[in-house]
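A short worksheet on the structure shown next.
In the numbering used here, the protein residues as written are 114 to 507.
See the structure below:
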């Protein structure tokens, strides 16, 4: 069956009160963005507390659904048959035809749920449901009614402009529309965790920018391309992602030469946070996002995280902080970043790793160690900032 319309259901937006229209408008914009480039002509709009996408002419159904499933804020995607209101007898025939085509296997239970927005319709909602259910049973005696736990719920909406019939509710991504809760800077590596962290924060309506620390010649162009690919996958959900690629080699080598080796990871991480925060403030971001999980590695103990946060004025959001590695892997596989993340191209975080890193660093000692960097570090940081490469990931 060629569905002419999709009814898009949202969740939390429905309790936003007087501000709901702002979230609905943002959701419509995200739907339009998601459908750019899909074969077909689409019209996304809101009407009477609903959001619809009308599909004109032929279109790629599978790709359309796949794109809509990545739109944050949608909890359900319903392929709809839109009918002209030609009277109840025509509606009965159309509903029977719908059930015949969509459910050729008749061994199922069903019920009918009707919403009547058009109050001038000659029957009320209960009468419509009963009469349509009777029509289905007459046409298909093998189908059974179950009003408590049916296999199929046939939805009929009588609206002022048309009648809408649907029974399938394809799960959406949930969350809030992108960009409705400010913007944050993601420290994006080539690993599994940070793309998941970006996805999870973006799912709450936060726009995403990203910073990646590149260390040529110790890290390859393939490593950079891998991160750009991860940014594009996240952008499929979050909207366009501006990726800042920072040449971190000279800073890393200087820290390696001047600081105690058991503190290398923490000190390098502190300079990454400083640089990422610079770009965050420049772009109007309200926080930083990292993929750290407590205890996963030496730089992610409670003491290490406190030492890292010591250099930040902006809040640091760590959405995977309490997840096990397998939990994070499961999400990465679900959103499509896992296969890219496990490509064997190392990033700068894995190249310059201390053999025996400190696991319980003291902030005062770390600050004292950083004093040995004072001669050149500001100049190196400025150079890294001034030579940043920007990639627009969409």
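Beta carbons: idealized from backbone N, C-alpha and C, even for Gly.
Practice task
Pick out whichever of 243, 234, 145, 501 has its Cα sitting closest to the Cα of residue 274.
Solution key: 234
For the beta strand (DSSP E) holding residue 326, just list the boundary residues, first then last. 320-327
Exercise for the section: Identify the continuous beta strand (DSSP E) that holds residue 167 and give its terminal residues. Expected result: 163-169
CA nearest to the CA of residue 495, picked from 185, 351, 384
384
| Beta-ladder partner(s) of residue 229, from DSSP | 271
What does the alpha-carbon distance come out to for the pair residue 447 and residue 454?
13 Å
Which two residues bound the contiguous beta strand (DSSP E) that contains residue 290? Element bounds for residue 290: n/a, residue is neither H nor E.
Of all the options 134, 133, 374, which has the alpha carbon lying nearest to the alpha carbon of residue 472? 374
* Asked: Per DSSP, what kind of secondary structure is residue 119 in: helix, strand or coil?
  -> strand
Note to self: Going by DSSP in three states, residue 132 sits in which element: helix, strand or coil?
What the structure shows: helix
Check: What is the rounded straight-line gap between the Cα of residue 441 and the Cα of residue 305?
Finding: 7 Å
- prompt: What is the C-beta distance between residue 164 and residue 140, in whole angstroms, given that I count them as a contact (C-beta under 8 Å)?
  reply: 6 Å
Whole angstroms are fine: how far does the CA of residue 300 sit from the CA of residue 560? No statement about residue 560 is possible, as the shown extent of the chain runs from 114 to 507 and does not include it.
- Let me know if residue 394 comes out buried or exposed under the rule of 16 or more other beta-carbons within 10 Å of its beta-carbon. exposed
Where residue 173 and residue 424 are concerned, what is the direct C-alpha to C-alpha distance, given to the nearest angstrom? 49 Å
Express the C-alpha separation of residue 470 and residue 328 in angstroms, rounding to a whole number.
20 Å
Apply the 10 Å Cβ neighbour rule to residue 290 and answer buried if 16 or more other Cβ atoms are within range, or exposed otherwise. buried
### Message
Please determine whether the Cβ atom of residue 219 lies at a distance below 7 Å from any heavy atom of the ligand PLP.
### Response
Absent from the structure shown: the ligand PLP. Ligands present: none.
query = Using 8 Å as the threshold, is the stretch 335-351 in touch with the stretch 152-171, meaning 3 or more CB pairs across them?
reply = no
Spatial distance of residue 224 from residue 151 (CA atoms): 34 Å
If you draw a straight line from the C-alpha of residue 265 to the C-alpha of residue 209, how long is it?
-> 14 Å
Q.
According to DSSP, residue 237 sits in a beta bridge with which residue or residues?
A. Answer by DSSP bridge pairing: none, since residue 237 is not bridged.
message = Between the alpha carbons of residue 439 and residue 237, how many angstroms are there, rounded?
response = 51 Å
Item checked: C-alpha distance - residue 371 paired with residue 391, whole-angstrom precision -> 24 Å
Can you tell which of 350, 349, 286 has the C-alpha that lies nearest to the C-alpha of residue 187?
286
For this session: Consult DSSP for residue 223 and reduce its assignment to one of helix, strand or coil.
Result: strand
Is it true that the CB of residue 241 sits closer than 8 Å to the CB of residue 430? no
- Item | Any 3 or more C-beta pairs closer than 8 Å across the stretch 116-124 and the stretch 176-192 | yes
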